[in-house]
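Novice: Chains as they are written, first to last, in the numbering used here: chain A, 667 to 1011; chain B, 667 to 1011.
Sharing a structure, written as structure tokens. Questions coming.
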DNA sequence: GTGAAAGCGCTAACAG
DNA sequence: CTGTTAGCGCTTTCAC
């Protein structure tokens, strides 16, 4: 039978209140009783019951993270950051990983259940009005990562600037016909990346050509954030310029996974990057280093850490106005756009 | 103020017991009152309080997973399997990711706290006697993944056979001097992989040469499971045969990350795989496909799923004898040992 | 400094 | 079919 404060109260000949105080470091417990309590507790192998504490204290010491699992490589890095910050706290992490972007609503509902967690981290979760209501109704502190809403704390990378950085790199390499591969329409971050792409082109005095821009129409459940979507997207893009001489000489894929698929489609068509076509992605997930993919890096670890930091603060101060942290993206040049391959592996 | 069963009992003009019964699908509640209860609950936006339920029911509907975060790529795949199985249940997942293999004890302690979770998944966690005691004392169902102990359910891959498979592949490619790169000594899985390596050599009538075998002495906190350890290990190995002509013509790295480092060290020394040296790893984590690394694949997704399945069963039947599931490893030939590179990306 | 007692919100006998 | 009541294990006033 598990041992409770009653057992140790009896053993130490004090009341359960004193045991509780002793364990919670309450100042007004005499040194001698405190020691006696601890001695008995140790002898009996006592451990406070988490659920009972949660109920009495009205908090769980749990924070939850909701994440679409197809962003796994991205999430792992963010998770490292979360974990590092959490290690300094007394919070544990419960993970709600949804298989598709649409089932994420269900995971969210579980995560916001009363008494489940004290706060919530939403990673790469598209924020619809319905979800905002759900979140607000839960009266739980929330921090968004890689997503944005005016009224909710968020940590993002400057996607627009990132899009521009990627595009400028390609422009600097002499390209003027630059394809843009996007996930399905309506994703906040990728809309921004597109805006950056257009910014850079206009800067360079180049007109935006819709023929060069393509939204994935595949893998809708993953909102087009898959290798397959990139593969099909690239084929489609190449198909548009079949037999013409004004096809793209470079491609900016708005996510690394899209770039992987694009590289493959290009390869199948006989194009090698960067010999025949330059390719750059966005994210810099782990495999990209091995694939030699040029990309725009999001500081995922830092984003996770910062998001957790913000959440910890908000836990202590729920009323303060929403805070938005924006990280700067970094250009990472690898062989897919002419960089040296020597840094690989 | 959050709404409780008392509020909805009052609103529906029944007792709290009836509300509780209605929500728990108890058969003996009349259809009419049930509907009335639900109506009021919906109107008031009632949601049961998780902690209160946990305390009263003496279970949390939470299962925990303890994992060393440096096995992240491995873990992500396992996590997918866990999540898929969990989606069919009413359990949520709390993740204890430790930064080093040594701090895993602390995470374990948090995970086993009374009232925290109903069961536990230990991923790639070395099982010492002290930990076994800790686990047993917690009286929590536990399933090990990628780790083994007689008295605890486990899901593993046949590491010995995997080691033999990798080695035989190299032997079949004509190699007779095969280097073996291992993490620090004493890791269960890698000891088995080494045993398989020796099995294969003996089968082929080749004597085991200790000079060809090397334990990482770097990155002790990660028990040598890092790229850096592989890098240094490979340099050390090459150093041993400096100026001799009996150096290894192939290397079996007991983990993919070690292989990455080894490839790099080889490259720096002017060796390219597979032109000058064959390299094969173990695990088949995601980047390996991009790196073109031949490897022995562990079915990580299936292992996660199976482990969760076993845990669910044990939750219902705590007393049954420990069950050990062993998966067969798969050889995956890629360009680092002569396979076609066309499948990359 | 310590104890008594009233919750925290829900479940589960036990009655009826 | 439904209500009463006693917990689940711990925290926290409020007294002394």
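Ideal Cβ positions, reconstructed from N, Cα and C, are used throughout, including at glycine.
Quantities reported herein were computed from a predicted structural model and do not represent experimental measurements.
Compare the beta carbon distance of residue 993 of chain B and residue 975 of chain B with 8 angstroms and say whether it is the shorter of the two.
Specialist: Not a contact, by the Cβ cut-off of 8 angstroms.
Novice: Roughly how many angstroms separate the alpha carbons of residue 869 of chain B and residue 925 of chain B, rounded to a whole number?
Specialist: Distance between the alpha carbons of residue 869 of chain B and residue 925 of chain B is about 24 angstroms.
Novice: Could you tell me whether any non-hydrogen atom of the ligand FMN is closer than 7 angstroms to the CB of residue 668 of chain B?
Specialist: What this structure holds is no ligand at all, so the ligand FMN is not there to describe.
Novice: Excluding the five sequence neighbours on either side, which residues of its own chain have a C-beta within less than 8 angstroms of the C-beta of residue 721 of chain A, listed in chain order?
Specialist: Cβ neighbours of residue 721 of chain A beyond the five flanking positions: 781.
Novice: Closest by CA to residue 875 of chain B, which one among B:694, B:858, B:906, B:669?
Specialist: Out of B:694, B:858, B:906, B:669, B:906 has the C-alpha closest to the C-alpha of residue 875 of chain B.
Novice: With distance defined between alpha-carbon atoms, name the residue in A:989, A:761, A:904 nearest to residue 1019 of chain A.
Specialist: Here chain A has residues from 667 to 1011 only, and residue 1019 of chain A is not among them.
Novice: With a threshold of 8 angstroms between beta-carbons, can residue 963 of chain B be considered close to chain A, or not?
Specialist: Chain A contact via Cβ: absent.
Novice: Whole angstroms are fine: how far does the CA of residue 686 of chain A sit from the CA of residue 966 of chain A?
Specialist: Roughly 41 angstroms between the two C-alpha positions.
Novice: Run through DSSP, which three-state label would residue 688 of chain B get?
Specialist: DSSP places residue 688 of chain B in helix when its eight states are reduced to three.
Novice: Does the region 766-776 of chain B touch the region 884-895 of chain B, meaning 3 or more C-beta pairs lie closer than 8 angstroms?
Specialist: Segments in contact, yes.
Novice: For the region 909-965 of chain B, which segments carrying the beta strand (DSSP E) assignment without a break, of at least 3 residues, lie completely within its bounds, in sequence order?
Specialist: Within the region 909-965 of chain B, the complete beta strand (DSSP E) runs of at least 3 residues are 916-919, 944-949, 960-963.
Novice: Would you call the region 916-936 of chain B and the region 891-898 of chain B touching, i.e. three or more CB-CB distances under 8 angstroms?
Specialist: In short, these stretches touch, since the Cβ pair count reaches three.
Novice: By the three-class DSSP mapping on this structure, what secondary structure does residue 993 of chain B have?
Specialist: It is a strand residue.
Novice: Do the CB positions of residue 783 of chain B and residue 820 of chain B come within less than 8 angstroms of each other?
Specialist: Against a cut-off of 8 angstroms, the Cβ pair of residue 820 of chain B and residue 783 of chain B comes out as no contact.
Novice: Starting from residue 761 of chain B, find everything on chain A with Cβ-Cβ shorter than 9 angstroms and list it in chain order.
Specialist: The contacting residues are 731, 745, 749, 758, 759, 760, 761.
Novice: To which residues of the same chain is residue 1011 of chain A closer than 6 angstroms at the C-beta, ignoring the five residues directly before and after it?
Specialist: Note that residue 1011 of chain A has pLDDT 40, beneath the 50 cutoff, so the model's placement of it is unreliable and no number is given.
Novice: For residue 786 of chain A, which residues does DSSP report across the bridge?
Specialist: The partner list for residue 786 of chain A (beta bridge, DSSP) reads A:730, A:808.
Novice: Select from the region 816-839 of chain A all residues with a C-beta closer than 8 angstroms to any C-beta belonging to chain B, and list them in chain order.
Specialist: So nothing in the stretch comes that close.
Novice: According to DSSP, is residue 764 of chain A helix, strand or coil?
Specialist: Reduced to three states, the DSSP call for residue 764 of chain A is strand.
Novice: For residue 902 of chain B, which residues of its own chain have a beta-carbon under 7 angstroms away from its beta-carbon, when the five flanking residues on both sides are left out?
Specialist: Result list for residue 902 of chain B: 880, in chain order.
Novice: Start and end of the beta strand (DSSP E) containing residue 822 of chain B?
Specialist: 819-823 is the span of the beta strand (DSSP E), which, as asked, contains residue 822 of chain B.
Novice: Using a threshold of 8 angstroms, state whether the C-beta atoms of residue 786 of chain B and residue 732 of chain B are closer than that.
Specialist: Going by C-beta atoms, residue 786 of chain B is nearer than 8 angstroms to residue 732 of chain B.
Novice: DSSP puts residue 998 of chain B in a beta bridge; with which residues?
Specialist: B:961.
Novice: Taking C-beta pairs closer than 7 angstroms, name the residues in chain A that residue 738 of chain B reaches, listed in chain order.
Specialist: Result: 742.
Novice: Is residue 671 of chain A buried or exposed, if buried means 16 or more other CB atoms sit within 10 Å of its CB?
Specialist: Buried, because 16 or more other Cβ atoms sit within 10 Å of the Cβ of residue 671 of chain A.
Novice: Find the residues of chain B that neighbour residue 782 of chain A, judging by a C-beta separation of less than 7 angstroms, and give them in chain order.
Specialist: Ordered by position in chain B, the residues that pass the 7 angstroms Cβ test against residue 782 of chain A are 716.
Novice: Does the beta-carbon of residue 812 of chain B have 16 or more other beta-carbons within 10 angstroms, so that it is buried, or is it exposed?
Specialist: The residue is buried, with at least 16 neighbouring Cβ atoms inside 10 Å.
Novice: Based on the DSSP secondary-structure assignment, which residues constitute the bridge partners of residue 903 of chain B?
Specialist: Its beta-bridge partners do not exist; DSSP assigns none.
Novice: Starting from residue 677 of chain A and walking both ways along the alpha helix (DSSP H), at which residues does that stretch end?
Specialist: First-last of the alpha helix (DSSP H) with residue 677 of chain A: 671-678.
Novice: Tell me which same chain residues have a C-beta within less than 7 angstroms of the C-beta of residue 851 of chain B, skipping the five on either side of it?
Specialist: Within the same chain, residue 851 of chain B has close Cβ partners 881.
Novice: Just to confirm, are residue 964 of chain B and residue 823 of chain B a CB contact at a threshold of 8 angstroms?
Specialist: Their beta carbons are under 8 angstroms apart, which means residue 964 of chain B touches residue 823 of chain B by this criterion.
Novice: Starting from residue 735 of chain A, find everything on chain B with Cβ-Cβ shorter than 7 angstroms and list it in chain order.
Specialist: Neighbours of residue 735 of chain A on chain B, chain order: 746, 749.
Novice: Go through its chain and collect everything with a Cβ distance to residue 763 of chain B's Cβ below 6 angstroms, but skip five positions before and after it.
Specialist: The answer, listed in chain order, is 733, 735.
Novice: Can we say the region 955-962 of chain B touches the region 994-1006 of chain B, given the rule of at least three CB pairs closer than 8 angstroms?
Specialist: These segments touch.
Novice: With burial defined as no fewer than 16 other Cβ atoms inside 10 Å of the residue's Cβ, what is the status of residue 939 of chain A: buried or exposed?
Specialist: Per the 10 Å Cβ criterion, buried.
Novice: For residue 694 of chain B, which residues in the same chain have their Cβ closer than 6 angstroms to its Cβ, ignoring the five residues on either side in sequence?
Specialist: Hits under 6 angstroms: none found.
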